[in-house]
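Residue numbers (the working numbering): 63 to 551.
Every residue gets a Cβ at the ideal spot worked out from N, C-alpha and C, and that includes glycine.
The structure appears below as structure tokens.
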């Protein structure tokens, strides 16, 4: 499952120390024998890394679920089990504070710090701890949920070490990278690995384009930098794929080039303004390429053009294949939304399309993206962004991501042939799902005692569940049924 890497401060003390990347000269980056000598690099990077701890006030509503005023478990084998479970939780109607830990790194000597949105979201108090153990109250400059990025600031007269931002487009698969943080509260932990892949889509949002690494990333690493051996930040550690909530060598980082663009807008305006095209797009499969007589599978296939959108006004048609936008190559479908979003509102840009085997250039006037839209919507989902918003709600309230059970998923995740429902494909490290004990590969067949056949069912049921309440999930794990209680945020 994909997990965000913020760490709830219940098990261990200490959050993720972030390595801020300070530019360093490493003429002897590699020791004799071909392995990198990281000692000088680590020493120089640590001062730019910060720990972020947050406090959030939560209204508690713990009680045994009731329907029409009656205990639904009364008279069932589960009555004693759930009475024991809920009795151990804080009293009903009592507000309490929760603490979480994450990381960040200094990007400006004036005290600006970059981190993940989910690290500071809904926090009533944010505390930043520097390398020298001094602590400061931080303020939110701006945050962007769609890219899971946030910019915060501390005020101090002392000189601050600043991380140098690199160029993630030049980071190559197979190159060495390093993460420094406080996984599980273990301060200043250094982990090393390589870039395993680029351009990963993990269902985190409309601008998925993650760097994958096998450097160990765990709960508490959220918001921390991933850097190369030049000491440049190439990514912001954000999520992991894990069945148990810990590192299995599959971590994901936001490319620093995307983060830089978002960070500048947050710093200057406090929010992110994005361009809007108004199309629904999909991946060009081998079968589609053959049916459409395309030479290759490069580009984004237009599935629908939204009425009165910039795309419609420019003459873009369904079945057009967008291969270039504003003189930037669109090599694959999921690269287009970010390119469109980063295009300044009000500008006219060239768009190259393939239509009936011929290449042509159209000019599009970019409009402003509303919060309920997606710059260029993927995979035929509603152009209003409705399903994306709903999926985002599942992620935010449960801390998990799900997909419809398909034959392909059954084979890849080794699910039973009779699996029906939605399968958990990713978990956020600090989410409710991990705390409840759910795992990647679990198939949700019921939620809150209602049958779940597809993602839409889960979204609809979730809308009727109150915030900060407990719900019962019925899952199949390795073919075996299991009830799991989960707190819905």
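(request) Using three-state DSSP, classify residue 195 as helix, strand or coil. (result) Reading the chain shown from its first residue, position 133 is the one you call residue 195. Here residue 195 sits in coil by DSSP.
(request) Can you say whether residue 115 is buried or exposed, counting buried as having 16 or more other CB atoms within 10 angstroms of its CB? (result) Here residue 115 corresponds to residue number 53 of the chain shown, with the count starting at 1. When all chains shown are included, residue 115 counts as buried.
(request) Could you check the C-alpha separation between residue 220 and residue 341 for me, to the nearest Å? (result) Within the chain shown, the letter at position 158 stands for residue 220. Within the chain shown, the letter at position 279 stands for residue 341. Each residue's alpha carbon lies about 49 Å from the other.
(request) Give me the Cα-Cα distance between residue 523 and residue 427, rounded to the nearest whole angstrom. (result) For the purposes of this step, residue 523 is taken as residue 461 along the chain shown, with counting starting at 1. For the purposes of this step, residue 427 is taken as residue 365 along the chain shown, with counting starting at 1. Rounded to whole angstroms, residue 523 to residue 427 spans 40 Å at the Cα level.
(message) For residue 338 and residue 272, what's the separation of their Cα atoms in angstroms?
(response) The residue given as residue 338 occupies position 276 in the chain shown. The residue given as residue 272 occupies position 210 in the chain shown. Computed Cα separation, rounded: 22 Å.
(request) Using the DSSP secondary-structure output, state which residues sit across from residue 206 in a beta bridge. (result) Position 144 of the chain shown, counting from 1, holds the residue named residue 206. BP columns for residue 206 point to 211.
(request) If I'm right that residue 173 touches residue 199 with Cβ under 8 Å, what's the distance once you round it to whole angstroms? (result) Along the chain shown, read from residue 1 onward, the residue named residue 173 stands at position 111. Along the chain shown, read from residue 1 onward, the residue named residue 199 stands at position 137. Contact doesn't hold; Cβ gap of about 11 Å is too wide.
(message) Let's see if you can read the secondary structure: which residues bound the beta strand (DSSP E) around residue 260?
(response) Counted from its first residue, the chain shown places residue 260 at position 198. 251 to 262 is the extent of the beta strand (DSSP E) around residue 260.
(message) Helix, strand or coil, according to DSSP, for residue 237 in the structure here?
(response) In the chain shown, residue 237 corresponds to position 175, counting from 1. Residue state, collapsed to three classes: coil.
(message) Using the Cβ count rule (16 or more neighbours within 10 Å means buried), how would you classify residue 381?
(response) Along the chain shown, one-based indexing puts residue 381 at 319. Its Cβ having fewer than 16 others within 10 Å, residue 381 is exposed.
(message) Distance check for residue 384 and residue 225, CA to CA, integer angstroms please.
(response) On the chain shown, position 163 is the one that residue 225 refers to. On the chain shown, position 322 is the one that residue 384 refers to. Going by the C-alpha atoms only, they are around 37 Å apart.
(message) Please identify the residue among 458, 397, 353 and 469 whose C-alpha is closest to the C-alpha of residue 419.
(response) As a working note, residue 419 is residue 357 in the chain shown. Nearest C-alpha to residue 419: 353.
(request) Decide if residue 210 is buried, meaning its Cβ has at least 16 other Cβ atoms within 10 Å, or exposed. (result) For the purposes of this step, residue 210 is taken as residue 148 along the chain shown, with counting starting at 1. Only buried fits residue 210, as 16 or more other CB atoms lie within 10 angstroms of its CB.
(request) For residue 357, name the three-state secondary structure that DSSP assigns. (result) Residue numbering aside, residue 357 sits at position 295 when the chain shown is read from its first letter. Residue 357: coil per DSSP, three-state reduction.
(request) Determine the direct distance from the alpha carbon of residue 120 to that of residue 512, and round the result to whole angstroms. (result) As a position in the chain shown, residue 512 is number 450, starting the count at 1. As a position in the chain shown, residue 120 is number 58, starting the count at 1. A straight-line Cα-Cα distance of about 27 Å links residue 512 and residue 120.
(request) Could you tell me how far apart the beta carbons of residue 506 and residue 486 are, in whole angstroms, since I believe they sit closer than 8 Å? (result) For this step, residue 506 is matched to residue 444 along the chain shown. For this step, residue 486 is matched to residue 424 along the chain shown. Rounded, the Cβ-Cβ distance is 7 Å, consistent with contact.
(message) Can you check which of these residues, 313, 356, 360 and 268, is closest to residue 320 by C-alpha distance?
(response) Position 258 of the chain shown holds residue 320. The shortest C-alpha separation from residue 320 is found at 268.
(message) Considering only their Cβ atoms, is the gap separating residue 295 from residue 318 smaller than 8 Å?
(response) One-based indexing of the chain shown puts residue 318 at position 256. One-based indexing of the chain shown puts residue 295 at position 233. Yes, the pair counts as a contact, with Cβ atoms nearer than the cut-off.
(request) Compute the Euclidean distance between the alpha carbons of residue 130 and residue 456, then round it to the nearest angstrom. (result) The sequence position of residue 130 within the chain shown is 68, counting from 1. The sequence position of residue 456 within the chain shown is 394, counting from 1. With a pLDDT of 46 at residue 130, under the threshold of 50, the modelled position of this residue cannot be trusted; read the value that follows with caution. Answer to the nearest angstrom: the Cα atoms are 26 Å apart.
(message) Whole angstroms are fine: how far does the CA of residue 400 sit from the CA of residue 489?
(response) Locating residue 489 in the chain shown gives position 427, counting from the first residue. Locating residue 400 in the chain shown gives position 338, counting from the first residue. Using only the alpha carbons, I get a separation of about 24 Å.
(message) Just to confirm before moving on: does the CB-CB distance between residue 112 and residue 191 stay below 8 Å?
(response) If you number the chain shown from 1, residue 112 lands on position 50. If you number the chain shown from 1, residue 191 lands on position 129. Going by C-beta atoms, residue 112 is nearer than 8 Å to residue 191.
(message) What does the alpha-carbon distance come out to for the pair residue 238 and residue 181?
(response) Start at 1 with the first residue of the chain shown, and residue 238 comes out as number 176. Start at 1 with the first residue of the chain shown, and residue 181 comes out as number 119. Cα to Cα, residue 238 sits roughly 26 Å from residue 181.
(message) In this structure, how does DSSP classify residue 335 when only helix, strand and coil are distinguished?
(response) Along the chain shown, read from residue 1 onward, the residue named residue 335 stands at position 273. In the structure shown, residue 335 sits in coil (DSSP, three-state: anything other than H, G, I, E or B).
(request) Specify, as a first and last residue, the run of the alpha helix (DSSP H) that residue 400 falls within. (result) Taking the first residue of the chain shown as position 1, residue 400 is located at position 338. Counting along the chain, the alpha helix (DSSP H) containing residue 400 begins and ends at 398 to 403.
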